[in-house]
Ligand SMILES: [Zn+2]
């Protein structure tokens, strides 16, 4: 077992050489790259922290990122840690592969070395959010870093409870409004759990729910569609079904808890490529799951992995039976979002004349139906909001088809910009996927009819657009 690594000025210098492949290392002084640090604090850090310097002279003009990963559990040097973590999060995407690999390997090694040390729960939570961000290779936003430090964010949003409910109980809401203040979406998510009484009922510790939400946000990739905004959107829509459409009256607290968690987690770590691509391109992820519901199994795995971390385990105070039930529901709901099994789900819903609310099987089928509806709900929103989502989907589809062409893989017509348009894609989607599913749920929950009506209106708009374009050419 390795002893925890203690950095001193001497081995800091060694690490500095380790990361600098050229003689440039000798031109660096300890002070030059520590732009914003005062000398005494800097010296203190050198003694108490691991200090690495990454010189990116070639890629970023004289950009130096000083990385201090402090094993200090009392978070004495937290501010500096944040600054440097942000720098690394920012730096990785711009790095060339060999450099990136070297940095990541070293960081992983250091993390392993520290894992023997005693860490506070709060420190572990921060570290995990950071690692999730590094895995995804994007920078932690300043707001997220701020949230880690200041745990009052669920109370200090500046919104009253009534304002939060008003935002939640409508579909006329575009989460991209908060593109630069993503934490506000976490505040709204927290409110969903609170207003459904789940925090009280399941004694979810506030800090753990906060950790869970931050880790969740960091686990989504920065891609055009299957990102954290989509996760939020699906969860918001499920909440809308439950509250405004009165679906919650039929379900128990266990089911409501599982539904919100499933919606939040259902696309975790989505790479922006679909199952067909992952299999056709013979990716590791594809082979790992035997080319069967590859993404959905991966999302499930990532969800359970996150719940397996004590600092993120929102199920911590459920008894064994309750926790097992929630996990079963989550797995069922996430796996149901694979569109290749859409047909069988629809057939089962069609056969359901009435719901036996005492049957777990019936409840599970309804929950899967709700998640599936929410997942394909872009077109139940006001036209302008729906259009923006449609464009994001197409951007991701077109990126995939261009990659497929590059790799000589088969290309689906609905993803090929030379064979389809956004209007054609949306009309087909509403007609063959959206409406048939929403119609079945509306039969069981009549208040969901507003969703069908909006979808029909949006389809008419797309049809007008398509005929205008066809007429013009
Ligand atoms: Zn989704």
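In the working numbering, the protein residues as written are 1244 to 1716. We put the beta carbon where it would ideally sit given N, CA and C, even for glycine.
Problem - Terminal residues of the alpha helix (DSSP H) in which residue 1618 lies - result: 1603 to 1618
Problem - Beta-carbon proximity list for residue 1692, same chain, < 6 Å, skipping 5 on both sides - result: 1685
Handout entry: Of the residues 1573, 1463, 1553, the one placed nearest residue 1450, counting alpha carbons only
Key = 1553
Exercise for the section: Taking 8 Å as the threshold, find out whether the stretch 1693 to 1708 comes into contact with the stretch 1623 to 1630 through three or more Cβ pairs. Expected result: yes
Handout entry: Local conformation of residue 1582 per DSSP, three classes
Key = helix
Practice task
Ignoring anything shorter than 3 residues or poking outside the stretch 1459 to 1494, list the beta strand (DSSP E) runs there in chain order.
Solution key: none
Practice task
For residue 1527, count neighbouring C-beta atoms within 10 Å of its own C-beta (all shown protein chains included) and say buried if the count is 16 or more, exposed if not.
Solution key: exposed
Problem - residue 1569 Cβ short of 7 Å to ligand 1 heavy atom set - result: no
Practice task
Keeping to the same chain, check which residues put their C-beta closer than 6 Å to that of residue 1638; ignore five residues upstream and five downstream.
Solution key: 1467
Problem - residue 1661, DSSP secondary structure in three states - result: coil
Problem - Distance between beta carbons of residue 1460 and residue 1425, contact taken as under 8 Å - result: 6 Å
Problem - Contact test: residue 1534 Cβ vs ligand 1 heavy atom, cutoff 7 Å - result: no
Problem - Cβ-Cβ distance between residue 1582 and residue 1612 below 8 Å - result: no
Problem - Same chain, Cβ closer than 6 Å to residue 1421, five either side skipped, listed in chain order - result: 1427, 1428
Practice task
Specify the secondary structure class of residue 1596 as computed by DSSP and reduced to three states.
Solution key: coil
Problem - Distance between residue 1523 and residue 1414 (C-alpha atoms, nearest Å) - result: 37 Å
Exercise for the section: Would you mind giving the Cβ-Cβ distance between residue 1616 and residue 1574, rounded to the nearest angstrom? I have them listed as a contact below 8 Å. Expected result: Wrong, their Cβ atoms sit about 19 Å apart, outside the cutoff.
Practice task
Say yes only if the C-beta of residue 1581 is nearer than 7 Å to one or more non-hydrogen atoms of ligand 1, and no if none qualify.
Solution key: no
Problem - Residues surrounding ligand 1 [beta-carbon distance to nearest heavy atom under 5 Å] - result: 1510, 1618
Practice task
Specify, as a first and last residue, the run of the alpha helix (DSSP H) that residue 1411 falls within.
Solution key: 1404 to 1411
Exercise for the section: Determine the direct distance from the alpha carbon of residue 1633 to that of residue 1472, and round the result to whole angstroms. Expected result: 14 Å
Problem - Top-ranked residue by Cα proximity to residue 1621, from 1477, 1470, 1465, 1436 - result: 1477
Problem - Local conformation of residue 1702 per DSSP, three classes - result: helix
Exercise for the section: Using the Cα positions of residue 1500 and residue 1569, report the straight-line distance between them to the nearest angstrom. Expected result: 8 Å
Problem - Rounded C-alpha distance that separates residue 1551 from residue 1445 - result: 17 Å
Exercise for the section: Under the assumption that residue 1502 contacts residue 1576 (Cβ atoms under 8 Å), give the Cβ distance between them as a whole number of angstroms. Expected result: 7 Å
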